[in-house]
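Peer 1: Keeping their order, the protein sequence lines are chains A and B.
Heads up: the first sequence begins at 2 in my numbering, then just goes up one per residue.
Heads up: the second sequence begins at 43 in my numbering, then just goes up one per residue.
Beta carbons: idealized from backbone N, C-alpha and C, even for Gly.
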Amino acid sequence: MNKKAQFETSHELIIWIPRIIALVIVAGIVFFLITLPVKQSFEIDKLQETILRQRFLYSENCLAHNDGKVNSGIIDKSKFNQKNLDKCFEANDKIGVNLNLITDKIETINLNQKIAEKLDFCFDKKHFTCTNYTYYVLIQDEKKLESGLLNVAMIKIK
Amino acid sequence: MHKKGDLLIEKQLIFAFYLILAVVVYFMIGSIASERSYFEDYFVRDLGLTIDMLHNSPGKVSIEYHGLSNFNLVTKENFVEVRSSKNIPKIYAFTRDKNYVQLDYNFNFLNDTLKIKKDKAIYLEMVKK
Numbered sequence: 002m003n004k005k006a007q008f009e010t011s012h013e014l015i016i017w018i019p020r021i022i023a024l025v026i027v028a029g030i031v032f033f034l035i036t037l038p039v040k041q042s043f044e045i046d047k048l049q050e051t052i053l054r055q056r057f058l059y060s061e062n063c064l065a066h067n068d069g070k071v072n073s074g075i076i077d078k079s080k081f082n083q084k085n086l087d088k089c090f091e092a093n094d095k096i097g098v099n100l101n102l103i104t105d106k107i108e109t110i111n112l113n114q115k116i117a118e119k120l121d122f123c124f125d126k127k128h129f130t131c132t133n134y135t136y137y138v139l140i141q142d143e144k145k146l147e148s149g150l151l152n153v154a155m156i157k158i159k
Numbered sequence: 043m044h045k046k047g048d049l050l051i052e053k054q055l056i057f058a059f060y061l062i063l064a065v066v067v068y069f070m071i072g073s074i075a076s077e078r079s080y081f082e083d084y085f086v087r088d089l090g091l092t093i094d095m096l097h098n099s100p101g102k103v104s105i106e107y108h109g110l111s112n113f114n115l116v117t118k119e120n121f122v123e124v125r126s127s128k129n130i131p132k133i134y135a136f137t138r139d140k141n142y143v144q145l146d147y148n149f150n151f152l153n154d155t156l157k158i159k160k161d162k163a164i165y166l167e168m169v170k171k
């Protein structure tokens, strides 16, 4: 290869570099624009936790008091025990719940203990979805009706 | 002559590249337009959330999904799964209430209706068109 030919080859290469870069950018943009709507996932973890949280208040199998009709805002204190809540809320291996019933004292129940213990790691939003909500409730304790708070902290592994 | 030939090859290469790009885009858009994967993902989550919500409901509820076709629906223990021949299975894990009987169903939808009812138990039913 003589000097002239070498010059031409290197000159052509220099001309081709911006073209290749432009083509890669165009191809990248096209690919990105097409895959963008497909890769959008539906984030329903918080919605799921909201629905699950309400089960404790609305379902007579969980905590809702039943005196012939279900009273959604009134908690039957006799139902606030581990056995009953484990039965009405069979958490799968990704969900843990910490329930606190607060009156003049605080009663705590954990559902799916192994996961509920991880509530301290809720700052890690990449791996956990957490909600923590406190409801003002009425508590039916035998024949006495008193006011109190029900705190439901829920964690889900993503 | 040499330069003209180079230009021709260059044009052909660019043309070939755009042709490949167009074919890829065509198939990708076709895949998205079919919306099967999207539908299945959406449906399994919607159904799973509905089952979760039905556990909360104090009264009777009946919900119907019409025109379901070309997929298989399995509910077992605490999960809902949608399977089809083209896409990977989609799963939603719901939270079971053991006071109700276990949801154990396997439906193959061609162009049918799915009925979900809650009375004293939650149950699913496939109604053929």
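Does A:L151 get closer than 8 Å to chain D when you measure Cβ to Cβ?
Peer 2: Annotation note: the requested chain D is absent from the structure, which comprises protein chains A and B.
Peer 1: In terms of DSSP beta bridges, what is A:Q141 paired with?
Peer 2: In the first sequence, residue 141 of chain A corresponds to position 140, counting from 1. Under the DSSP definition of a beta bridge, A:Q141 partners with A:D77, A:L146.
Peer 1: Apply the 10 Å Cβ neighbour rule to A:Q49 and answer buried if 16 or more other Cβ atoms are within range, or exposed otherwise.
Peer 2: Counting from 1 along the first sequence, the entry for residue 49 of chain A is found at position 48. Classification for A:Q49: buried.
Peer 1: Can at least three beta-carbon pairs, one atom from the region 152-161 of chain B and one from the region 99-106 of chain B, be found at a separation below 8 Å?
Peer 2: yes
Peer 1: Taking a Cβ distance cut-off of 7 Å, strictly less, list which residues of the region 118-139 of chain B are near chain A, in chain order.
Peer 2: N120, A135, T137, R138, D139
Peer 1: Using only the alpha-carbon positions, how far apart do B:L63 and B:L89 sit?
Peer 2: Within the second sequence, the letter at position 21 stands for residue 63 of chain B. Within the second sequence, the letter at position 47 stands for residue 89 of chain B. Distance between the alpha carbons of B:L63 and B:L89: 38 Å.
Peer 1: Applying the 10 Å Cβ sphere with the 16-neighbour rule, what's the burial state of B:L152?
Peer 2: Translated into the one-based positions of the second sequence, residue 152 of chain B becomes position 110. A residue is called buried once 16 or more other Cβ atoms fall within 10 Å of its Cβ, and B:L152, having fewer, is exposed.
Peer 1: In angstroms, rounded to a whole number, what distance separates the CA positions of B:F59 and A:V25?
Peer 2: Here residue 59 of chain B refers to the residue found at position 17 when the second sequence is read from its first residue. Here residue 25 of chain A refers to the residue found at position 24 when the first sequence is read from its first residue. C-alpha of B:F59 to C-alpha of A:V25: approximately 11 Å in a straight line.
Peer 1: Counting only the same chain and skipping the five closest in sequence on each side, list residues whose C-beta sits under 7 Å from that of A:S73.
Peer 2: The residue you call residue 73 of chain A lines up with position 72 of the first sequence. Here the set comprises L58, Y59, A65.
Peer 1: My output table needs one value for A:G97: the three-state DSSP class, helix, strand or coil.
Peer 2: Locating residue 97 of chain A in the first sequence gives position 96, where the first residue counts as 1. Strand.
Peer 1: Buried or exposed: which applies to A:K1, given that a residue is buried once 16 or more other Cβ atoms fall within 10 Å of its Cβ?
Peer 2: What the structure shows of chain A is the stretch from 2 to 159, and residue 1 of chain A is not part of that stretch, so it cannot be assessed.
Peer 1: If you pair each beta-carbon of the region 15-24 of chain A with each one of the region 117-133 of chain A, do three or more pairs fall below 8 Å?
Peer 2: The answer is no - the region 117-133 of chain A does not touch the region 15-24 of chain A, with fewer than three Cβ pairs under 8 Å.
Peer 1: Give me, in chain order, the residues of the same chain whose beta-carbon lies closer than 7 Å to that of B:A135; leave out the 5 immediate sequence neighbours on both sides.
Peer 2: Looking up residue 135 of chain B in the second sequence gives position 93. These residues qualify, in order along the chain: N120, F121.
Peer 1: CA-CA distance, A:V27 and A:L34?
Peer 2: Numbered from 1 along the first sequence, position 26 holds the residue referred to as residue 27 of chain A. Numbered from 1 along the first sequence, position 33 holds the residue referred to as residue 34 of chain A. A:V27 and A:L34: Cα-Cα distance of roughly 11 Å.
Peer 1: Compute the Euclidean distance between the alpha carbons of A:K70 and A:A154, then round it to the nearest angstrom.
Peer 2: Residue numbering aside, residue 70 of chain A sits at position 69 when the first sequence is read from its first letter. Residue numbering aside, residue 154 of chain A sits at position 153 when the first sequence is read from its first letter. Roughly 28 Å between the two C-alpha positions.
Peer 1: Please classify B:H97 as buried or exposed, where buried requires at least 16 other C-beta atoms within 10 Å of its C-beta.
Peer 2: Position 55 of the second sequence, counted from the first residue, corresponds to residue 97 of chain B. Looking at its Cβ environment, which holds 16 or more other Cβ atoms inside 10 Å, B:H97 is buried.
Peer 1: What residue range is occupied by the uninterrupted beta strand (DSSP E) comprising A:I110?
Peer 2: Residue 110 of chain A sits at position 109 when you count from the first residue of the first sequence. A:I110 -> beta strand (DSSP E) spans 107-112.
Peer 1: First and last residue of the beta strand (DSSP E) that includes B:N148?
Peer 2: For the purposes of this step, residue 148 of chain B is identified with residue 106 of the second sequence, where counting begins at 1. Run containing B:N148: 147-151, per the beta strand (DSSP E) assignment.
Peer 1: Which same chain residues end up closer than 6 Å to B:F149 when comparing Cβ atoms and leaving out the 5 residues on each side of it in sequence?
Peer 2: As a first step, residue 149 of chain B must be located in the second sequence, where it is residue number 107. Same-chain partners within the cutoff: L115, M168.
Peer 1: Starting from A:A28, find everything on chain B with Cβ-Cβ shorter than 7 Å and list it in chain order.
Peer 2: Start at 1 with the first residue of the first sequence, and residue 28 of chain A comes out as number 27. In chain order: L63.
Peer 1: Taking CB distances under 8 Å as the criterion, tell me whether B:V67 reaches chain A.
Peer 2: Within the second sequence, residue 67 of chain B is the residue found at index 25, counting from 1. B:V67 counts as touching chain A.
Peer 1: Of all the CB atoms in chain B, is at least one closer than 8 Å to the CB of A:C131?
Peer 2: Taking the first residue of the first sequence as position 1, residue 131 of chain A is located at position 130. By this cut-off, A:C131 is not an interface position.
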